[in-house]
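Structure first, commentary second.
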Amino acid sequence: MEIIVSLNKLSLTFSMLVHILHVVSLLTLARASSVSFSTNLIHRDSPTSPFYDPSLTLSRRVVIALNRSFDRARFFNSFLSGTTDIYPSTEMANYLMRISIGTPPQEIVGVVDTGSSLIWTQCEPCSNCFDQDSPIYDPRASSSYNTTTCDSTTCMLFPMRSCVTSNNTCLYLVAYGDLSFSSGELATDTFTMNSTTHDTLFVFKNMVFGCGHRNGGMFSEDQSGIIGLGRGPFSFITQIGSSINGKFSYCLVQMFTHVERSSKIYFGDVATVSGDGVVSTPILSGYPDRFYYLNFLGITVRSQRVDFNTKNSTSMEGNIIIDSGTSLTLVPEEFYNRLQLAVRRSMEDIEPVSPNEQISNISLCYNPQEVMDFPNMVAHFHGADLELDPMNTFVRISDESICLAFAPVDDGVAIYGNIAQMNFLVGYDVYKNTVSFKRTDCTML
0 MEIIVSLNKL SLTFSMLVHI LHVVSLLTLA RASSVSFSTN LIHRDSPTSP FYDPSLTLSR
60 RVVIALNRSF DRARFFNSFL SGTTDIYPST EMANYLMRIS IGTPPQEIVG VVDTGSSLIW
120 TQCEPCSNCF DQDSPIYDPR ASSSYNTTTC DSTTCMLFPM RSCVTSNNTC LYLVAYGDLS
180 FSSGELATDT FTMNSTTHDT LFVFKNMVFG CGHRNGGMFS EDQSGIIGLG RGPFSFITQI
240 GSSINGKFSY CLVQMFTHVE RSSKIYFGDV ATVSGDGVVS TPILSGYPDR FYYLNFLGIT
300 VRSQRVDFNT KNSTSMEGNI IIDSGTSLTL VPEEFYNRLQ LAVRRSMEDI EPVSPNEQIS
360 NISLCYNPQE VMDFPNMVAH FHGADLELDP MNTFVRISDE SICLAFAPVD DGVAIYGNIA
420 QMNFLVGYDV YKNTVSFKRT DCTML
């Protein structure tokens with residue numbers, strides 16, 4: 000079975016684009032039903048990942064994954080400060096997804112990232128490309144490939160663009176914090192996805208993406224590019240929003256524990272988070288608007304409430320980014336110190352230990368053999384209280400140390416990371432502007 004959805008061209012501003020796509024979806028439901036499907040999310044450190052390095056010990060994989068959190072935070076801060084338009088490096092992301100581009104379809108393996116608002120892949124002919132094991136996408140072999148013109152609205156919306164005057168072709172450039180880059184034609188083509196829900200192919204026409212003929216830097220030979228799930232006009236979610244009713248969700252299995260089970264991502268009505276125990280919080284405004292901002296109020300550690308005292312913590316503006324690509328939850332140092340003190344008080348009979356692996360900014364660890372009862376914690380968002388399990392609040396570094404899965408960062412961005420989201424079904428509704436959470440055993444989905 001094959002379902003085909005045709006997408007209109009992007010137009011005007013991002014906010015107007017989202018509104019237009021929503022209206023289009025309502026007007027066309029009678030002609031083309033909305034679609035629902037799911038696919039696997041592959042953690043980059045699992046044995047099924049093309050990034051998997053069997054020479055690394057389990058402890059070393061954990062340490063590397065946690066240290067990537069601080070790299071992402073630095074580059075998120077560059078966005079917030081307005082000093083640069085670089086993207087977080089693909090080396091900092093955590094999950095991969097398979098998708099096919101073109102007619103006939105050519106499969107790519109893309110880094111999935113809710114902190115990115117772009118789709119791009121390496122393209123033939125590659126005048127300057129990083130090594131890639133799988134075949135590179137060749138637009139010449141696709142009957143549905145088209146470049147965009149310099150005077151098109153699509154081209155005008157892209158922040159770093161140029162023009163080939165000889166054929167009026169729009170060119171793009173993206174730069175990453177580690178000096179990696181991708182540049183080439185801003186183009187459209189047909190995207191195809193296999194559903195794990197049922198034996199169905201979902202086909203989306205006229206998807207805007209970057210066809211990268213010049214790419215370099217810290218890219219793995221086992222990946223092809225980026226699949227951005229952020230809020231920008233070129234993200235995968237924005238472009239297919241009318242056909243999925245603005246809904247997607249994911250359920251992340253516990254890292255490094257259930258390596259034989261993949262995490263899942265859902266699109267459309269199947270992504271709806273409902274039933275007993277669901278809590279929801281608004282997606283709020285923030286700068287830049289490509290991120291998903293929430294209003295974080297604080298954490299309760301057993302009976303101790305630790306308030307998140309930032310200038311926006313009691314207003315209806317976003318003060319924290321929810322991000323699938325960051326492992327740790329990163330908070331301002333002043334809040335972290337108070338949180339750490341509350342945790343130490345709740346475990347006052349146990350002496351902390353130093354981690355036996357080098358991890359940036361992680362300072363509160365315990366010997367897991369000595370801990371009989373971890374403190375229960377509740378994360379407070381506007382309108383939503385999330386009861387966290389120890390797997391969400393502590394991460395095992397080695398046999399000798401288990402550490403608080405929060406860390407301090409300099410003034411700037413706060414990030415609600417993926418460890419805190421594990422074994423929750425996390426649902427986004429970009430039309431209603433809500434994020435919903437439901438405690439779920441993700442290995443059972």
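By numbering that gives the first Met the number 0, the letter at position 184 of the sequence shown is numbered 183, and the numbering carries on one by one without gaps.
The C-beta atom is built at its ideal place from N, Cα and C for all residues, glycine as well.
No experiment lies behind these values; they were computed from the predicted model shown.
Listed as beta-bridge partners of A378 by DSSP are I298 and L385. In this structure L293 is in contact with G317, their Cβ atoms being roughly 6 angstroms apart against a cut-off of 8 angstroms. Taking all protein chains shown into account, N166 has fewer than 16 neighbouring C-beta atoms within 10 Å of its C-beta and is therefore exposed.
Annotated as distal: W119 and G276, with beta-carbon spacing of 8 angstroms or more. Residues of the same chain with a CB within less than 6 angstroms of the CB of N145, apart from the 5 flanking positions on each side, are T187 in chain order.
Inclusion of V278 and A383 in the CB contact set at 8 angstroms is warranted, their separation being smaller than that value. When I396, S68, P407 and P103 are compared, the shortest CA-CA separation from T256 is found for I396. Note on the region 95 to 151: whole beta strand (DSSP E) runs with a minimum of 3 residues are 105 to 112 and 118 to 121, in chain order. A distance below 8 angstroms separates the beta carbons of C250 and L424. By the neighbour-count criterion, in which 16 or more other beta carbons inside 10 Å mark a residue as buried, M159 falls on the exposed side. Three or more Cβ pairs closer than 8 angstroms define a contact, and the region 365 to 385 meets that threshold against the region 339 to 353.
Around the beta carbon of N214, a 10 Å sphere encloses 16 or more other beta carbons of the protein chains shown; the residue is thus reported as buried. Taking 8 angstroms as the cut-off, the Cβ atoms of F247 and Y430 do not count as close.
V207 sits away from T148, with the two beta carbons spaced by 8 angstroms or more.
In this structure, the alpha-carbon of K204 lies about 6 angstroms from that of F190.
Membership of T237 in the alpha helix (DSSP H) is indicated by the continuous run F235 to I239. Less than 8 angstroms separates the beta-carbon of S182 from that of Y171. For A406, the enclosing beta strand (DSSP E) covers residues F405 to V408. Only exposed fits E332, as fewer than 16 other CB atoms lie within 10 angstroms of its CB. Of the residues H212, P232, V61 and T299, the one whose Cα lies closest to the Cα of D130 is H212. Note on D398: under 16 other CB atoms within 10 angstroms of its CB, so exposed under the neighbour-count rule. Exclusion of the five residues before and after H379 leaves L296 and G297 as the residues of its chain whose Cβ lies within less than 6 angstroms of its Cβ.
Looking from the CA of C122, the closest CA among T113, S116, D112 and S133 belongs to S133. The bridge partners DSSP lists for A174 are F180. Taking the C-beta atoms as reference points, I321 is found no nearer than 8 angstroms to A413.
Between S37 and I264, the gap from beta carbon to beta carbon is short of 8 angstroms.
Each residue's CA atom was taken as its position, placing V173 and S435 some 31 angstroms apart. Shown here, V434 sits in a strand according to DSSP, grouped into three states. Around the CB of L55, fewer than 16 other CB atoms lie within 10 Å, so the residue is classed as exposed. CA-CA distance, G245 to A270, rounds to 10 angstroms. I100 and L444 have their C-alpha atoms spaced approximately 27 angstroms apart. If the five residues before and after V370 are omitted, its C-beta is found closer than 8 angstroms to the C-beta atoms of M346, I349 and I401, all from its own chain and listed in chain order. Between V377 and the set N360, P354 and A419, the nearest pair of CA atoms involves A419. About 37 angstroms separates the beta carbon of S302 from that of R230, a gap too long to meet the 8 angstroms contact definition. S141 has its alpha-carbon roughly 42 angstroms from the corresponding atom of T328. Look at F423 here: in three-state DSSP terms it is strand.
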